[in-house]
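Taking this note's numbering, the leading residue of the sequence shown gets 104, the next gets one more, and so forth.
Following: one structure in structure tokens, then a few remarks.
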Amino acid sequence: RAAAASTQHRPVNWLRGASGGLGARVGSDGWILSPMSAMGPGQTGSKSTRMANKTASPWAQPQRHFSSADSTAAASESEPAMMYARAVSVIEDEHASQAAVSEAIDLFAAASAKGHGGASFYLGLAYDGLLEGSDVELDTAAAARCYRRAADTGHRQAQFNLGYAYKNGDGVEVDLDEALKWYGMAAEQGDGRSAFQLGLAYDPLHEEVVLPVEGGKDGDLALGWYRKAVEDGHAKAMVNLGVMHWTGVGPQMAVMPEDERRRIAMELWTAASEAGVSEADRCLDQAADVWKEE
104 RAAAASTQHR PVNWLRGASG GLGARVGSDG WILSPMSAMG PGQTGSKSTR
154 MANKTASPWA QPQRHFSSAD STAAASESEP AMMYARAVSV IEDEHASQAA
204 VSEAIDLFAA ASAKGHGGAS FYLGLAYDGL LEGSDVELDT AAAARCYRRA
254 ADTGHRQAQF NLGYAYKNGD GVEVDLDEAL KWYGMAAEQG DGRSAFQLGL
304 AYDPLHEEVV LPVEGGKDGD LALGWYRKAV EDGHAKAMVN LGVMHWTGVG
354 PQMAVMPEDE RRRIAMELWT AASEAGVSEA DRCLDQAADV WKEE
């Protein structure tokens, strides 16, 4: 993540519709029950964002477009890295004025024009309506172009957002091959949300998730991506990883003794519960009910 939250800064909220500190929204897709609850695609995978609760913004102002004069004037102040650092410091300041936020966005635009990946990412957030305090007019196509510029520099959050855009048709035509490509690139760089999306793509319990993965659904590959997601800090991946252990999905799980699988599942759900994942509590309750019946 680009910057850590502190008590002096606005809370950093990397996923649209975040709940608690985990940043995943619960959607309407429901859960797979077989017999434990596995998390579905609507419960994760929202775009990377920063301070996205626009309705709570104290800076609600008329929207505006960037002008070339804005970018040119800002560009004269410094080189891209310095402009970017200055703009980020403003965005993270909870006491920043609307004028200061607007200036920061102009700096992002100027630095982006000079090829700075992080600035392009933030500019994409502004166009995408995901940067609190921004009065930039919503333009998902412009956001996708910004994410692409940032993704091409190796910016993993932008790669995730670009994958999300291609998967959902946000500002671009739906292209699942492109979505898979960018999720893969981001996951290889340590983006836990992208690894989780790849886990869902391979997970036999989630037939509704359709990405053109080579070879189709594969329990062992799903396990690998869920494990990587957990290693990269995606707490909710522990729920799905636990479900796969409990149900014995995939060749790896098929040869593991049931008692060991269940023990690992309980450990994963307990860790997820301690991290604040409410779905893990449901899994733990269901597991307790199963054992009572046995």
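Don't be surprised by glycine CBs; every beta carbon is placed ideally from N, CA and C.
As the structure is a prediction and not an experimental result, all values here were calculated from the model.
Hey, residue i and residue j: beta-carbon distance below 9 Å or not?
i, j, result
"Ala222", "Ala212", "yes"
"Gly353", "Met369", "no"
"Leu308", "Met359", "no"
"Trp349", "Arg365", "yes"
"Gln355", "Asp323", "yes"
"Gly257", "Gln292", "yes"
"Pro408", "Leu279", "The chain is shown only over 104 to 397; residue 408 falls outside these bounds and no answer can be derived."
"Ala244", "Gln262", "no"
"Gly227", "Arg248", "yes"
"Ala298", "Ala338", "no"
"Asp242", "Tyr250", "no"
"Ala254", "Trp285", "yes"
"Val191", "Ala207", "yes"
"Ser149", "Tyr267", "yes"
Assign residue i to one of two classes, buried (16 or more other C-beta atoms within 10 Å of its C-beta) or exposed (fewer than that).
i, result
"Arg296", "buried"
"Gly236", "buried"
"Asp392", "exposed"
"Ser200", "exposed"
"Pro183", "buried"
"Gly218", "exposed"
"Met341", "buried"
"Gly272", "exposed"
"Val313", "exposed"
"Trp394", "exposed"
"Glu317", "exposed"
"Asp209", "buried"
"Glu361", "exposed"
"Ala159", "The predicted model places Ala159 with a pLDDT of 28, which falls under 50 and marks its position as unreliable; any figure quoted below should be read in that light. By the 10 Å Cβ count, Ala159 comes out exposed."
Measuring straight from C-alpha to C-alpha, what distance separates residue i and residue j?
i, j, result
"Glu197", "Gly319", "46 Å"
"Tyr187", "Arg252", "15 Å"
"Gly287", "Tyr305", "13 Å"
"Glu311", "Gly302", "13 Å"
"Asp321", "Gly351", "13 Å"
"Val277", "Gly232", "20 Å"
"Glu240", "Glu195", "21 Å"
"Ala357", "Ser205", "56 Å"
"Val380", "Ala332", "15 Å"
"Phe224", "Glu363", "44 Å"
"Asp384", "Asp294", "25 Å"
"Asn343", "Leu265", "24 Å"
"Asp238", "Glu334", "37 Å"
"Ser151", "Gln389", "32 Å"
"Met185", "Ala214", "9 Å"
"Leu234", "Ala374", "31 Å"
"Val275", "Tyr269", "6 Å"
"Arg189", "Gly220", "15 Å"
Problem set entry | Uninterrupted alpha helix (DSSP H) stretches inside the stretch 247-320 (no shorter than 4 residues) | 259-271, 279-291, 295-305
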